[in-house]
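**Q** The structure's right below; bear with me while I get my questions together.
In our numbering, the protein residues as written are 21 to 456.
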């Protein structure tokens, strides 16, 4: 290859990387991103510590699933209501509340664990209360990201936000595993409690309009309006169904990782943390590659292929008895999982009107995290009766079948999505011109 072609390829790659990072030019977005990074590292440290604590106290895979159920069922029940709240209240003020409440809960769990008084029902209760908070936090956070950047930088913001989440996924579990192995679960819970302060400090410095956009009418009418939009907007509805199926059958693999690590790989907390960290590295790579090489026209293809790749990697993991093999497979799982989530999220965010954003993203949260408790309960029971390995294989095959179904309808959905995105862009241009 000639020097000229090499330089041209380097310039093209540099341009794509610059485009992927474009949302960082917005000061408010940078503040939010940095605070979230610290807090989410704490969350993933707690996830590892909580799973290991429950398994240490009970030795039961089913109870691992039950604790996850307690922490996630509130999201399914409350997400539609939280979406109406997100569209009718100041999202910045709501985020203050959704950081303070879990900070207090995590301090409580840390105190119970460090004093040696912790029991499984304490973990159940606190996990359930954290789930209530998260039911409001998740859709508000998703909608708030769109407030911090321009429409042109929305894909960059979505993928950078995802990269931040997965950087935390990479760093947090490894630290969590080391903390649990060296000084115990209580200190991990304490670190997470303190980490919420980073988001609170970041929010204090974010300059945004505190006046809310009023959601339409009564709670019930507001929720019905959002479901009507999802049901009658083909690309959004299709992506929601794919997301729900993958969340229910595939994404719950994480709660079985302590069982898989101990029984299949004969490892401990350190190996568990490293496996989850490998998944996080793959997720970061997935976000960056999608941001650099994806575009609105091809995001549907990325979502379908990534969903199929995620299922295939889960099946491969089910056959591995080697830590050395499981590490790269976990990297592939993280890559495929986040590529599918980011591609779907970006399409939905580009199509949805601003006045419905909080409610539609609440439905997104319900499909991603709200169905999780039922999936957690199912995989816990399946693993208890049929082993974690067979549960991974079944979940992976279900994800492959869901991806194939979505792929068959993809050409029709892509044509409709293109029209809807063009319509949204034209509406935004009219609003901009009228403001001037």
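Glycine included, each C-beta is placed from N, C-alpha and C at the ideal position.
Determine the direct distance from the alpha carbon of residue 271 to that of residue 409, and round the result to whole angstroms.
**A** Along the chain shown, one-based indexing puts residue 409 at 389. Along the chain shown, one-based indexing puts residue 271 at 251. Rounded to whole angstroms, residue 409 to residue 271 spans 15 Å at the Cα level.
**Q** Please list the segments of the alpha helix (DSSP H) lying wholly inside the segment 36–84, counting only runs of 4 or more residues, in order along the chain.
**A** Fully enclosed alpha helix (DSSP H) runs of 4 or longer: 47–78.
**Q** Quick check on residue 292 - is its C-beta less than 9 Å from some C-beta in chain C?
**A** The chain inventory of the structure shown lacks chain C, comprising one protein chain alone.
**Q** Report buried or exposed for residue 90, applying the criterion of at least 16 other Cβ atoms within 10 angstroms of its Cβ.
**A** Your numbering for residue 90 matches position 70 in the chain shown. Looking at its Cβ environment, which holds 16 or more other Cβ atoms inside 10 Å, residue 90 is buried.
**Q** Between which two residues does the alpha helix (DSSP H) carrying residue 221 extend?
**A** Indexing the chain shown from 1 puts residue 221 at position 201. Residue 221 -> alpha helix (DSSP H) spans 205–225.
**Q** Note the first and the last residue of the continuous alpha helix (DSSP H) segment covering residue 152.
**A** By 1-based counting over the chain shown, the position of residue 152 is 132. Taken as a continuous stretch (DSSP letters only), the alpha helix (DSSP H) holding residue 152 covers 140–167.
**Q** Pop quiz: residue 268 and residue 394 are said to be a contact at Cβ under 8 Å. What is the actual Cβ separation, rounded to whole angstroms?
**A** Within the chain shown, the letter at position 248 stands for residue 268. Within the chain shown, the letter at position 374 stands for residue 394. Confirmed, about 6 Å.
**Q** Does the segment 102–114 touch the segment 198–211, meaning 3 or more C-beta pairs lie closer than 8 Å?
**A** Cβ pair count under 8 Å is below three, so no.
**Q** Exposed or buried, residue 172, counting other C-beta atoms within 10 Å across all chains shown (16 or more means buried)?
**A** Taking the chain shown and counting its residues from 1, the one referred to as residue 172 is at position 152. Counting Cβ neighbours within 10 Å, residue 172 comes out exposed, since fewer than 16 surround it.
**Q** Apart from the five residues just before and just after residue 120, which ones in its own chain have a Cβ nearer than 8 Å to its Cβ?
**A** Counted from its first residue, the chain shown places residue 120 at position 100. Cβ neighbours of residue 120 beyond the five flanking positions: 216 and 220.
**Q** How big is the Cα-Cα spacing for residue 236 and residue 202?
**A** For the purposes of this step, residue 236 is taken as the residue at position 216 of the chain shown. For the purposes of this step, residue 202 is taken as the residue at position 182 of the chain shown. Because the pLDDT of residue 236 is 49, which lies under 50, any placement of that residue in the model is unreliable, and the number read from its coordinates should be weighed accordingly. Their backbone Cα atoms lie some 53 Å apart in a straight line.
**Q** Can you give me the start and stop residues for the alpha helix (DSSP H) that residue 402 sits inside?
**A** Looking up residue 402 in the chain shown gives position 382. That run of the alpha helix (DSSP H) goes 392–406.
**Q** Quick check: what's the CA-CA separation for residue 381 versus residue 400?
**A** For the purposes of this step, residue 381 is taken as the residue at position 361 of the chain shown. For the purposes of this step, residue 400 is taken as the residue at position 380 of the chain shown. Approximately 28 Å between the Cα atoms of the pair.
**Q** Among the residues of its own chain, which have a CB less than 7 Å from the CB of residue 56, if the five just before and after it don't count?
**A** Locating residue 56 in the chain shown gives position 36, where the first residue counts as 1. The answer, listed in chain order, is 184 and 219.
**Q** How would you call residue 344, buried or exposed, if buried means at least 16 neighbouring beta carbons within 10 angstroms?
**A** Along the chain shown, one-based indexing puts residue 344 at 324. It is exposed - the Cβ of residue 344 has fewer than 16 other Cβ atoms within 10 Å.
**Q** Could you compute how far the alpha carbon of residue 42 sits from the alpha carbon of residue 180?
**A** The sequence position of residue 42 within the chain shown is 22, counting from 1. The sequence position of residue 180 within the chain shown is 160, counting from 1. Approximately 9 Å between the Cα atoms of the pair.
**Q** Just curious, the alpha helix (DSSP H) that residue 380 is in, first and last residue?
**A** Here residue 380 corresponds to residue number 360 of the chain shown, with the count starting at 1. Its alpha helix (DSSP H) spans residues 377–385.
**Q** Excluding the 5 residues flanking residue 369 on each side, which residues of the same chain have their C-beta closer than 7 Å to its C-beta?
**A** For the purposes of this step, residue 369 is identified with residue 349 of the chain shown, where counting begins at 1. So the list reads 166, 174 and 178, once near-sequence residues are dropped.
**Q** In three-state terms, what does DSSP make of residue 285?
**A** The sequence position of residue 285 within the chain shown is 265, counting from 1. DSSP places residue 285 in coil when its eight states are reduced to three.
**Q** Can you tell me whether DSSP reads residue 100 as helix, strand or coil?
**A** The count along the chain shown starts at 1 and reaches residue 100 at position 80. Residue state, collapsed to three classes: helix.
**Q** When you compare each of 442, 310 and 261 to residue 388 by their alpha carbons, which one comes out closest?
**A** Position 368 of the chain shown, counted from the start, is the residue given in the question as residue 388. Nearest option by C-alpha distance: 261.
**Q** Would you kindly work out how many angstroms separate the C-alpha atoms of residue 212 and residue 45, rounded to a whole number?
**A** Reading the chain shown from its first residue, position 192 is the one you call residue 212. Reading the chain shown from its first residue, position 25 is the one you call residue 45. Distance between the alpha carbons of residue 212 and residue 45: 29 Å.
**Q** Could you give the DSSP three-state label for residue 109: helix, strand or coil?
**A** Counting from one through the chain shown, the residue named residue 109 turns up at place 89. Residue 109 falls in the coil class under three-state DSSP.
**Q** Who are the near neighbours of residue 142 in its chain, counting only those whose CB is closer than 6 Å to its CB and skipping five residues on each side?
**A** Residue mapping note: residue 142 aligns to position 122 of the chain shown, counting from 1. The residues are 132.
**Q** For a test of the three-state rule: what should DSSP assign to residue 200, helix, strand or coil?
**A** Taking the first residue of the chain shown as 1, we reach residue 200 at position 180. Helix, per DSSP.
**Q** In angstroms, rounded to a whole number, what distance separates the CA positions of residue 210 and residue 65?
**A** Here residue 210 corresponds to residue number 190 of the chain shown, with the count starting at 1. Here residue 65 corresponds to residue number 45 of the chain shown, with the count starting at 1. Spanning the two alpha carbons is a distance of roughly 10 Å.
**Q** Out of 403, 375, 298 and 364, point me to the one whose CA is closest to residue 385's CA.
**A** Translated into positions along the chain shown, residue 385 becomes position 365. Checked all of 403, 375, 298 and 364; the closest Cα to residue 385 is 364.
**Q** Give the DSSP-derived three-state secondary structure of residue 426 in the structure shown.
**A** Position 406 of the chain shown, counted from the first residue, corresponds to residue 426. Helix.
**Q** Taking contact to mean 3 or more Cβ pairs, one atom from each stretch, closer than 8 Å, check whether the segment 192–199 and the segment 63–80 are in contact.
**A** Yes, the segment 192–199 touches the segment 63–80.
**Q** Apart from the five residues just before and just after residue 416, which ones in its own chain have a Cβ nearer than 6 Å to its Cβ?
**A** Taking the chain shown and counting its residues from 1, the one referred to as residue 416 is at position 396. The answer, listed in chain order, is 331, 334 and 335.
**Q** In chain order, what residues of the same chain lie with their CB nearer than 7 Å to the CB of residue 433, ignoring the 5 residues before and after it?
**A** Within the chain shown, numbered from 1, the residue matching residue 433 stands at position 413. Excluding residues within five positions, the ones whose Cβ falls inside 7 Å are 254, 255, 258 and 320.
**Q** Classify residue 368 as helix, strand or coil using the three-state DSSP reduction.
**A** One-based indexing of the chain shown puts residue 368 at position 348. Residue 368 falls in the helix class under three-state DSSP.
**Q** Can you give the Cα-Cα distance for residue 436 and residue 359, rounded to whole angstroms?
**A** As a working note, residue 436 is residue 416 in the chain shown. As a working note, residue 359 is residue 339 in the chain shown. Computed Cα separation, rounded: 22 Å.
**Q** Under the assumption that residue 403 contacts residue 276 (Cβ atoms under 8 Å), give the Cβ distance between them as a whole number of angstroms.
**A** Here the question's residue 403 lines up with position 383 in the chain shown. Here the question's residue 276 lines up with position 256 in the chain shown. Right, the Cβ-Cβ distance comes to about 5 Å (below 8 Å), so this counts as a contact.
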